[in-house]
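Student:
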Amino acid sequence: MTPGVGGIGTASFLADVGHEVPTSLMASFVTATLGAPAAALGLIEGISEGLAGAGRFVGGALADDPKRRRAVAVGGYTATAVLSGLIGTTTSVVQAGVLRGAAWAARGLRVPARNALLADLVPAHAYGRAYGFERAMDNLGAIGGPLLALGLVSLFSVRTAILLSIIPGLLAAVAIVYAIRQAKLPKVAERRKLRFQVRPVLRGQLGRVMVGFIAFEVGNVAATLLILRATDLLTPGRGIDSATQIAIALYVVYNIAATIASFPAGGFSDRLGKRGPLLVTAAGVATFLGAYVLFAVSGPVIVLLGVAFALAGIGIGCAETAEHAAVAAFAPEEIRGSAFGLLATVQAIGNVAASLVAGLLYTFASPAAAFGYLAVWMVIALAVLAWAAAAARRSEPAV
Numbered sequence: 033m034t035p036g037v038g039g040i041g042t043a044s045f046l047a048d049v050g051h052e053v054p055t056s057l058m059a060s061f062v063t064a065t066l067g068a069p070a071a072a073l074g075l076i077e078g079i080s081e082g083l084a085g086a087g088r089f090v091g092g093a094l095a096d097d098p099k100r101r102r103a104v105a106v107g108g109y110t111a112t113a114v115l116s117g118l119i120g121t122t123t124s125v126v127q128a129g130v131l132r133g134a135a136w137a138a139r140g141l142r143v144p145a146r147n148a149l150l151a152d153l154v155p156a157h158a159y160g161r162a163y164g165f166e167r168a169m170d171n172l173g174a175i176g177g178p179l180l181a182l183g184l185v186s187l188f189s190v191r192t193a194i195l196l197s198i199i200p201g202l203l204a205a206v207a208i209v210y211a212i213r214q215a216k217l218p219k220v221a222e223r224r225k226l227r228f229q230v231r232p233v234l235r236g237q238l239g240r241v242m243v244g245f246i247a248f249e250v251g252n253v254a255a256t257l258l259i260l261r262a263t264d265l266l267t268p269g270r271g272i273d274s275a276t277q278i279a280i281a282l283y284v285v286y287n288i289a290a291t292i293a294s295f296p297a298g299g300f301s302d303r304l305g306k307r308g309p310l311l312v313t314a315a316g317v318a319t320f321l322g323a324y325v326l327f328a329v330s331g332p333v334i335v336l337l338g339v340a341f342a343l344a345g346i347g348i349g350c351a352e353t354a355e356h357a358a359v360a361a362f363a364p365e366e367i368r369g370s371a372f373g374l375l376a377t378v379q380a381i382g383n384v385a386a387s388l389v390a391g392l393l394y395t396f397a398s399p400a401a402a403f404g405y406l407a408v409w410m411v412i413a414l415a416v417l418a419w420a421a422a423a424a425r426r427s428e429p430a431v
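Heads up, our numbering is the position in the sequence shown plus 32, with the first residue counted as 1.
1) Mapping DSSP to helix, strand and coil, what is residue 431?
2) With residue 391 as the anchor, note down where its alpha helix (DSSP H) starts and where it stops.
3) Compare the beta carbon distance of residue 312 and residue 300 with 8 Å and say whether it is the shorter of the two.
4) Just to confirm, are residue 80 and residue 168 a CB contact at a threshold of 8 Å?
5) At which residue ranges does the stretch 301–366 contain complete alpha helix (DSSP H) runs of 4 or more residues, listed in the order of the chain?
6) Return the chain-ordered list of same chain residues with a C-beta closer than 6 Å to the C-beta of residue 431, the five sequence neighbours on each side being excluded.
7) Please say whether residue 336 and residue 343 have beta carbons closer to each other than 8 Å?
8) Could you give the residue range of the alpha helix (DSSP H) that holds residue 121?
9) Using the Cα positions of residue 410 and residue 247, report the straight-line distance between them to the nearest angstrom.
10) Just list the alpha helix (DSSP H) runs in the stretch 140–212, keeping only unbroken ones of 4 residues or longer that don't cross its boundaries, in chain order.
11) Less than 8 Å separating the beta-carbons of residue 374 and residue 233?
12) Provide the residue span of the alpha helix (DSSP H) that contains residue 250, from first to last.
13) Hey, quick one: how far does the alpha helix (DSSP H) through residue 55 stretch, first residue to last?
14) Can you tell me which of the three DSSP states residue 106 falls into?
15) Within its chain, find whatever has a CB closer than 7 Å to the CB of residue 398; leave out the 5 residues flanking it on each side and keep chain order.
16) Nearest-angstrom Cα distance between residue 206 and residue 258?
17) Would you report the Cα separation of residue 115 and residue 408, rounded to the nearest angstrom?
18) Please state the DSSP three-state secondary structure of residue 273.
19) According to DSSP, is residue 268 helix, strand or coil?
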């Protein structure tokens, strides 16, 4: 734990707290405060997620240059905080949508820069723990943000609560500045040319690793489908209100499990050598497979649903930590930003694709078909990761 790593972890926590407040209140703000229909909320969120994905891809190219990555990280955190908070001052759904989309684009831009900065701050044998700590802090922020939103709304209006979210967001930018200064990184004399490098990322060992990650992300469904499954199973016996409350509580279990699993997963990754990130990712994928099987076959049993949510949380804690550690380990320094940008883009697009297809299967076929489809992708991901791990082992020098 160095000052730089602590600064980035603190930034992830504060930033998540900051943007989870407007995220938690967005539905109420758009429909109740601004009087717009639910369709407007869906349009805003869909466009925002698309802009976030595009921002991650562009941010990867920017992060290839060490000097740019520092500026993009600080600027991204600052812009996300300010733009998200200003949603509370809007008087029309168009204004709110523009600010939300711009904030999410800035959030996307900063992700590859932050991840590349973290790789700059630690030696290769500590990548797993560094990214595990950052993921744990991020997940902790995802728990604290909605709780802060509830507290603020109990004291102030929804508008004021959203506006106050600027404070933790700006503190996150301060934490990133602190991390950069404490790291004492060497000054960069010349800027590298801005290039969108996809083919170099998909070559060799790094390419095999990315194919495995793509297979996983195409089956990594949004947690909202898990919540829906729990709600649907529990409603007949408990009523919609009670079922919804229990499902939300189970989602908290998911986030707690992800928070607890992230750092130990990073420690295991470091101890297992260069193949460690691949093996830990595979463990996360296998855990997801178990969760999806439970969601497919489980009845209205809270304990079983709790186990399924906990397994999914452990899976995401292991997989996200190890994915970042793997990219840091396998990507050459000169394309590390692009590699993180491509990973972040794959995570965004894969999540949308998984949720779309699984949602259609859930609606028009059955929940079992939806989770069976997702489980198949986990099996494919395990096979590709095993292939990548075997190739990495063959490339290791003989002792």
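Where is the CB? At the ideal position from N, CA and C, for every residue including glycine.
Tutor: Judging by the given coordinates:
1) By one-based count along the sequence shown, residue 431 stands at place 399. For residue 431, the pLDDT reaches just 40, beneath the cut-off of 50, and the residue's location in the model is therefore unreliable, leaving the point undetermined.
2) To locate residue 391, count along the sequence shown from 1; it is residue 359. First-last of the alpha helix (DSSP H) with residue 391: 368–396.
3) Locating residue 312 in the sequence shown gives position 280, counting from the first residue. Locating residue 300 in the sequence shown gives position 268, counting from the first residue. The answer is yes: Cβ separation under 8 Å.
4) Counting from one through the sequence shown, the residue named residue 80 turns up at place 48. Counting from one through the sequence shown, the residue named residue 168 turns up at place 136. No, these two residues do not count as a Cβ contact at 8 Å.
5) 308–329, 334–362
6) If you number the sequence shown from 1, residue 431 lands on position 399. Residue confidence is low: residue 431 scores 40 on pLDDT, short of 50, so the model does not pin down where it sits. No coordinate-derived value is stated.
7) Indexing the sequence shown from 1 puts residue 343 at position 311. Indexing the sequence shown from 1 puts residue 336 at position 304. No, the Cβ-Cβ distance between residue 343 and residue 336 is not below 8 Å.
8) Position 89 of the sequence shown, counting from 1, holds the residue named residue 121. Here residue 121 belongs to no alpha helix (DSSP H), and DSSP marks it neither H nor E.
9) Mapped onto the sequence shown, residue 410 falls at position 378. Mapped onto the sequence shown, residue 247 falls at position 215. Each residue's Cα considered, the two are about 7 Å apart.
10) 159–187, 190–196
11) Start at 1 with the first residue of the sequence shown, and residue 374 comes out as number 342. Start at 1 with the first residue of the sequence shown, and residue 233 comes out as number 201. In contact: residue 374 and residue 233 (Cβ atoms closer than 8 Å).
12) Here residue 250 is taken as the residue at index 218 of the sequence shown, counted from 1. Looking at the DSSP string, the run of the alpha helix (DSSP H) that includes residue 250 is 236–250.
13) In the sequence shown, residue 55 corresponds to position 23, counting from 1. 35–60 is the extent of the alpha helix (DSSP H) around residue 55.
14) Against the sequence shown, residue 106 aligns to sequence position 74. Helix.
15) For the purposes of this step, residue 398 is taken as the residue at position 366 of the sequence shown. Cβ within range, chain order: n/a, list empty.
16) Counted from its first residue, the sequence shown places residue 206 at position 174. Counted from its first residue, the sequence shown places residue 258 at position 226. Answer to the nearest angstrom: the Cα atoms are 35 Å apart.
17) Position 83 of the sequence shown holds residue 115. Position 376 of the sequence shown holds residue 408. Looking at the two C-alpha atoms, the distance is approximately 40 Å.
18) For the purposes of this step, residue 273 is taken as residue 241 along the sequence shown, with counting starting at 1. If DSSP states are grouped into helix, strand and coil, residue 273 belongs with the helices.
19) The sequence position of residue 268 within the sequence shown is 236, counting from 1. Residue 268 falls in the helix class under three-state DSSP.
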